[in-house]
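A.B. asks: There's a structure below that I have some questions on.
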Amino acid sequence: MVKSSKSDRTYYIVAYFILSLSFLLILLPFMNLIAISLSGEAEVLSGSVTFWPRDFIVEAYRYVVSSSQFFTSFMVTLIITVVGSLVGVLLAVSAAYPLSKKNLPGRKFIMLLFVITMLFSGGIIPTYILINKMKLLNSIWAIIFPMVNSVFNLLIVKNYFESLPEEIGESAQIDGATHFTTLFSIMLPIAKPVLATITLFYAVSFWNEYFTARLYITKQSMMPLQLYLRTVIFEAMDPTGNFALDGENIKNVASQTIINATIILSMLPMVILYPFLQRYFTKGIIIGSVKG
Numbered sequence: 708m709v710k711s712s713k714s715d716r717t718y719y720i721v722a723y724f725i726l727s728l729s730f731l732l733i734l735l736p737f738m739n740l741i742a743i744s745l746s747g748e749a750e751v752l753s754g755s756v757t758f759w760p761r762d763f764i765v766e767a768y769r770y771v772v773s774s775s776q777f778f779t780s781f782m783v784t785l786i787i788t789v790v791g792s793l794v795g796v797l798l799a800v801s802a803a804y805p806l807s808k809k810n811l812p813g814r815k816f817i818m819l820l821f822v823i824t825m826l827f828s829g830g831i832i833p834t835y836i837l838i839n840k841m842k843l844l845n846s847i848w849a850i851i852f853p854m855v856n857s858v859f860n861l862l863i864v865k866n867y868f869e870s871l872p873e874e875i876g877e878s879a880q881i882d883g884a885t886h887f888t889t890l891f892s893i894m895l896p897i898a899k900p901v902l903a904t905i906t907l908f909y910a911v912s913f914w915n916e917y918f919t920a921r922l923y924i925t926k927q928s929m930m931p932l933q934l935y936l937r938t939v940i941f942e943a944m945d946p947t948g949n950f951a952l953d954g955e956n957i958k959n960v961a962s963q964t965i966i967n968a969t970i971i972l973s974m975l976p977m978v979i980l981y982p983f984l985q986r987y988f989t990k991g992i993i994i995g996s997v998k999g
């Protein structure tokens, strides 16, 4: 057994200290967020709530989900997230696989065109005109199309495919497999870690999308969750809105309590999803970034 040197022990002590400090800096504000969302009005307004709820109540959460619009917006966002993630992964894989082949004609030029789109975009106004001309306003595609082509995710998948032995695809083609068969029957099952990684990237992006929805969505029935939660937050800060804080719907609840409850609800699905994809996520990021 190799004994650790003094310098190694010092390194581990410093590393664990920094990691512990970073963990606390992340955990404590989150605990405060939850505590305020579950505390009574007097305690919140007096500033006495720190990391544990005081005068425990759940009225803020009932208030946020009391409207039928919450569930409508939740379903809209869920559909956008699922459909957008599937389309995004399919496009990323379809582009990354041929670009990972070194014998592809014009490969470097095509990659240059993709990279340019990471630095420059068409702009908000031209994109809006295009979405309008395609008659996609107030539809889920108005949110999905502008976000679905992620060159960053494409590069991760491309680098992952390049890290795989070329003999895998060559042996399949010798046995008579087409490129489509090789991709979908052989390469994709091997690429589960990187697929889980970019799926998580897409899912988080679509779930948290707010700005694009503000541009292209005006119908309340198509309002995604983040846009609805923004409305709740603004009405919590301004009781003159449709959800009056001084009305019969809610009592003894501070506006900050409602705001914090709204934030918790918006991040909860992604917090639940991440642990199931974590083992794929870490492996996919490492392998997908080792080659350029």
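Residues in the sequence shown are numbered from 708 upward in steps of one, following the working numbering. We put the CB at the ideal spot given by N, CA and C, even for glycine.
Give the single residue among LEU861, VAL978, TYR835, LYS840 whose Cα lies nearest to the Cα of THR824.
C.D. replies: The candidate whose alpha carbon is nearest that of THR824 is LEU861.
A.B. asks: Would you give the residue range spanned by the alpha helix (DSSP H) that TYR1000 belongs to?
C.D. replies: The requested residue 1000 does not occur in the structure, where the chain is confined to residues 708 to 999.
A.B. asks: Hey, how far is the Cα of ASN915 from the Cα of ILE905?
C.D. replies: ASN915 and ILE905: Cα-Cα distance of roughly 15 Å.
A.B. asks: Using 8 Å as the Cβ pair cut-off and three pairs as the minimum, do the region 880-899 and the region 799-812 touch?
C.D. replies: The region 880-899 vs the region 799-812: in contact.
A.B. asks: Let me confirm a value: TYR718 is counted as buried when at least 16 other C-beta atoms fall within 10 Å, else exposed. Which label applies?
C.D. replies: The residue is exposed, with fewer than 16 neighbouring Cβ atoms inside 10 Å.
A.B. asks: Assuming contact is defined by CB atoms lying nearer than 7 Å, are TYR917 and GLN933 in contact in what I supplied?
C.D. replies: Contact flag set, yes.
A.B. asks: Return the chain-ordered list of same chain residues with a C-beta closer than 7 Å to the C-beta of VAL796, the five sequence neighbours on each side being excluded.
C.D. replies: Counting only Cβ-Cβ distances below 7 Å, and skipping sequence neighbours, we find LEU902, ILE905, THR906, TYR909.
A.B. asks: For ARG1031, I'd like the list of residues in its chain whose CB is within less than 8 Å of its CB, leaving aside the five on either flank, ordered along the chain.
C.D. replies: Residue coverage of the chain in this structure runs from 708 to 999, which leaves residue 1031 outside it and unanswerable.
A.B. asks: Using three-state DSSP, classify TYR917 as helix, strand or coil.
C.D. replies: Reduced to three states, the DSSP call for TYR917 is coil.
A.B. asks: Taking C-beta to C-beta, are ALA767 and ILE893 nearer than 7 Å?
C.D. replies: No, the Cβ-Cβ distance between ALA767 and ILE893 is not below 7 Å.
A.B. asks: Would you mind stating whether ASP762 and SER746 have Cβ atoms separated by less than 7 Å?
C.D. replies: A contact, by the Cβ cut-off of 7 Å.
A.B. asks: Using alpha carbons as the reference points, say which of VAL790, LEU826, LEU806 lies closest to ILE817.
C.D. replies: Among VAL790, LEU826, LEU806, the Cα nearest to that of ILE817 belongs to LEU806.
A.B. asks: Quick check on the burial criterion: 16 or more other C-beta atoms within 10 angstroms. Buried or exposed for ASP715?
C.D. replies: Exposed, by the Cβ-count rule.
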